[in-house]
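Worksheet: the structure to be examined is printed underneath.
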Amino acid sequence: MSNQLPVINLMGPTASGKTALACELYEQGKFELISVDSALVYRDMDIGTAKPTKAELEQYPHHLIDIISPLEVYSAANFVEDAGALIDDMHSRGKIPILVGGTMLYFKALLEGLSSNLPSADYAVREVIEAKGGAEGWEAVYAELCAVDPLAGQKFKVSDKQRIIRALEVYKLTGKPITQLQAEQPKNLPYRYTFHNYALMPDRLELHKRIEKRLEIMWEIGFLNEVEELMIKYDLDGNLPSMRSVGYRQAVEFLRNSDKSIVNRKEMEDKALFATRQLAKRQYTWLRSLQEAHKFTTYFTIKQAQEDLRNCYG
């Protein structure tokens, strides 16, 4: 395998324009695209994930889209294994991989490797933790974490629900703090790759406008119908990772637990909009964290990125 060809990581928050940019680069003929998105892996989840259309995917093929059902689980470890095999294959054929998406955990795992021997997710354990959060409040769950893993308590905030759940899950499964296990375990660093990291980070106000427009279109073209069909086709559980995707959780709750009135629908749409903005906020935070550890080129406008990347790889 060649060590000379780069791996291009094109990161950005939702609705930042990164997919359109990757597709533009693809047209040059020397690239192949790998999706880095924890929601696009699921079949039949199209509108709510802003998945490229079938026509777009025929014109701009993306690897790691539509690879599992919404009932299955896809982890960062799965992604690193699959992406690594794809990158090696592309390099062997003289192609340059472009990894494009907004799931920063996947990018982090690819850039830094994964701690080995940490237990896999246990959804029964997670359900108990989430039930406590619902019954007693997340302050109580956070206090439990601080008691068993003070270092994790210092690193996390009460609002970091997924990280708190994972840390408590690991402790309940192993009897050891996750911070201790992470410190003890070696990481498998992918030294054989030369990463070129690019971040699209538009102005927050501009991004919020794009998000709002995207969601308006999503409702107009039938997102609720898509979720209803998913609920019929699959025996969906609200704790499934697929249903934690922004928009889907709010839509499922609306369809299952409301009278579907105009007032309740508006409330659901507002919740989905807020959740999407919060996702973008977390993505900005992840990007800044990655930028502290790795070399990055950051673009604040699509035009700036287009001009620079054309010069770099044109």
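For the sequence shown, this note's numbering begins at 368 and goes up steadily by one.
No residue lacks a Cβ here, since even glycine has one placed at the ideal position from N, Cα and C.
- request: Would you mind stating whether Ile-531 and Val-508 have Cβ atoms separated by less than 8 angstroms?
  value: Yes; because the gap between Cβ atoms is below 8 angstroms, this pair is in contact.
- request: Below 8 angstroms on the Cβ atoms is my guess for Leu-574 versus Ala-519; work out the distance and round it to an integer in Å.
  value: About 30 angstroms separates the two Cβ atoms, so there is no contact after all.
task: Compute the Euclidean distance between the alpha carbons of Ser-442 and Ile-599, then round it to the nearest angstrom.
output: 25 angstroms
field: Pro-464 - partner residues in DSSP beta bridges
entry: Among the bridge pairs identified by DSSP, Pro-464 is matched with Glu-399.
Anticipated Cβ contact below 8 angstroms, Ile-465 with Phe-398, distance rounded: 5 angstroms
- request: Locate the beta strand (DSSP E) running through Ala-488, then write down its first and last residues.
  value: Looking at the DSSP string, Ala-488 is not in any beta strand (DSSP E), and its letter there is neither H nor E.
- request: Would you kindly check if the distance between the Cβ of Leu-485 and the Cβ of Val-537 is under 8 angstroms?
  value: yes
Beta-carbon proximity check, Gln-426 vs Tyr-680, cutoff 8 angstroms: no
- request: Output the boundary residues of the beta strand (DSSP E) element that contains Val-374.
  value: 374–378
task: For the beta strand (DSSP E) holding Thr-664, just list the boundary residues, first then last.
output: Run containing Thr-664: 664–666, per the beta strand (DSSP E) assignment.
- request: Thinking Gly-469 and Met-378 are a contact (beta carbons under 8 angstroms), I'd like their distance in whole angstroms, please.
  value: 7 angstroms
message: Just to confirm, is the Cβ distance from Val-525 to Ala-488 under 8 angstroms?
response: no
- prompt: Near Lys-385, which residues of its chain fall below 8 angstroms by C-beta distance, leaving aside the five closest residues on each side in sequence?
  reply: Leu-377, Met-378, Gly-379, Val-467, Gly-468, Gly-469, Leu-567
task: Mind reading off the beta-carbon distance from Val-619 to Ala-642? Whole number of angstroms is fine, and I expect it under 8 angstroms.
output: 13 angstroms between Cβ atoms; not a contact.
message: Going by beta-carbon coordinates alone, are Leu-438 and Leu-607 separated by less than 8 angstroms?
response: yes
query: If you compare alpha carbons, which of Leu-603, Pro-569, Tyr-565, Ala-534 is closest to Glu-497?
result: Ala-534
- prompt: Beta-carbon separation of Ile-435 and Arg-410 under 8 angstroms?
  reply: Yes, they are a contact pair.
message: According to DSSP, simplified to helix, strand and coil, what is Asn-564?
response: strand
- prompt: Given Tyr-565, which residues of its chain have a CB within under 6 angstroms of its CB, disregarding the five upstream and five downstream residues?
  reply: Leu-377, Thr-664
Under the three-state DSSP convention, the category His-429 falls into: Residue state for His-429 is assigned as strand, using DSSP reduced to three classes.
query: Comparing alpha-carbon positions, which option in Lys-475, Asp-456, Leu-372, Lys-421 lies nearest Asp-404?
result: Cα-wise, what sits closest to Asp-404 is Lys-475.
query: Quick one: is Gly-415 buried, meaning 16 or more other Cβ sit within 10 Å of its Cβ, or exposed?
result: buried
- prompt: Mapping DSSP to helix, strand and coil, what is Ile-434?
  reply: coil
- prompt: Any idea what DSSP makes of Tyr-601, helix, strand or coil?
  reply: Coil, per DSSP.
query: From Glu-587, Leu-400, Met-585, Leu-622, pick the residue whose C-alpha is nearest to that of Leu-603; which is it?
result: Leu-622
query: Mind checking whether Met-457 and Ser-609 have CB atoms under 8 angstroms apart?
result: no
query: Between Leu-431 and Ala-491, what straight-line distance do the alpha-carbon atoms span, to the nearest angstrom?
result: 28 angstroms
field: Assumed close pair Leu-471, Gln-673 - CB separation to whole angstroms, cut-off 8 angstroms
entry: Per the sequence presented here, residue 471 reads as Met, with Leu not at that position. In fact, because the Cβ distance is near 23 angstroms, the residues do not count as touching under 8 angstroms.
task: Would you kindly report the start and end of the unbroken alpha helix (DSSP H) that includes Asp-449?
output: In the DSSP assignment, Asp-449 falls within the unbroken alpha helix (DSSP H) covering 443–459.
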